[in-house]
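Enquirer: Chains U and A, in that order, are what the protein sequence lines are. 97 is the number of the first residue of the first sequence in our numbering; add one for each residue after it. 5 is the number of the first residue of the second sequence in our numbering; add one for each residue after it. We treat Cβ as the ideally placed atom computed from N, Cα and C, and that holds for glycine. If you're wondering where the values come from, they're calculated on a predicted model, not measured in any experiment. Here you go, one structure.
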Amino acid sequence: RKEVEQDPGPFNVPEGATVAFNCTYSNSASQSFFWYRQDCRKEPKLLMSVYSSGNEDGRFTAQLNRASQYISLLIRDSKLSDSATYLCVVNRYNFNKFYFGSGTKLNVKP
Amino acid sequence: DGGITQSPKYLFRKEGQNVTLSCEQNLNHDAMYWYRQDPGQGLRLIYYSQIVNDFQKGDIAEGYSVSREKKESFPLTVTSAQKNPTAFYLCASSIGETTGELFFGEGSRLTVL
């Protein structure tokens, strides 16, 4: 079983739509959680860390459910510029290795 | 500005040649990582280092070698033993604590001719 699993998509949505991605992780010892954004042929860039209480940054909201071992990302009022691949990343406690999902591709259409 | 510098950005190599990819960071991070990404795939860990003069194999270390002689530098050598080296290589660093995020360089795109 993969450490981190994501639906590869693509998610094709119109501008202004709300879209949600989920990600599941297999190891309950996972300690830190992140969403990264990766544009085509570029390096991943941190979108947001995910905290146990959930957190919001503008149009983006991240949630963590430790009991079910999943992380979610909600994007409201989608923009064309949100088109990218979104990577779910977890870091296991005392191990300092980062595990990546294969990414979920988002296409926002005019 | 602090960051991670990878070079070269693009590299072409003939089969049978070794090539070394450079990675330098000025973030004062303890941990450094090398990942490989193939088209349409996620990132796979090649090697990582949590401290100077120490490094560990990741999930796909065969055909690669690294060194960590200085905190700032973590070069990756792609040897001729790597059967399918054409890929996008990403170097990253983190502060080394469990909650610190990864910072990435811009990547090196290696093509074997």
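Looking at I171 (chain U): is its Cβ nearer than 8 Å to the Cβ of V115 (chain U)?
Expert: In contact: I171 (chain U) and V115 (chain U) (Cβ atoms closer than 8 Å).
Enquirer: Per DSSP, what kind of secondary structure is D153 (chain U) in: helix, strand or coil?
Expert: Of the three classes helix, strand and coil, the one that applies to D153 (chain U) here is strand, per DSSP.
Enquirer: Just by C-beta distance, which residues in the region 47 to 59 of chain A are closer than 9 Å to chain U?
Expert: So the close ones are L47, R48, L49, Y52, Q54.
Enquirer: Would E110 (chain A) count as contacting chain U if we go by Cβ distances under 8 Å?
Expert: It does: the Cβ of E110 (chain A) has a partner Cβ on chain U nearer than 8 Å.
Enquirer: Mind checking the region 138 to 154 of chain U against chain A and listing, in chain order, the residues whose C-beta falls within less than 8 Å of any C-beta there?
Expert: Correct list: K138, E139, P140, K141, L142, S145.
Enquirer: So, using beta-carbon positions, are S145 (chain U) and E105 (chain A) closer together than 8 Å?
Expert: Going by C-beta atoms, S145 (chain U) is nearer than 8 Å to E105 (chain A).
Enquirer: Touch check for the region 18 to 37 of chain A and the region 74 to 81 of chain A: three-plus C-beta pairs under 8 Å?
Expert: At 8 Å Cβ cutoff, the stretches touch.
Enquirer: Between the alpha carbons of G112 (chain U) and N151 (chain U), how many angstroms are there, rounded?
Expert: Whole-angstrom Cα-Cα distance: 21 Å.
Enquirer: Considering only C-alpha positions, which residue in the set U:D153, U:W131, U:S148 is nearest to V100 (chain U)?
Expert: Out of U:D153, U:W131, U:S148, U:W131 has the C-alpha closest to the C-alpha of V100 (chain U).
Enquirer: According to the neighbour-count rule (16 or more other Cβ atoms, all chains shown, within 10 Å of its Cβ), is C119 (chain U) buried or exposed?
Expert: The residue in question, C119 (chain U), is buried, as its Cβ has 16 or more Cβ neighbours within 10 Å.
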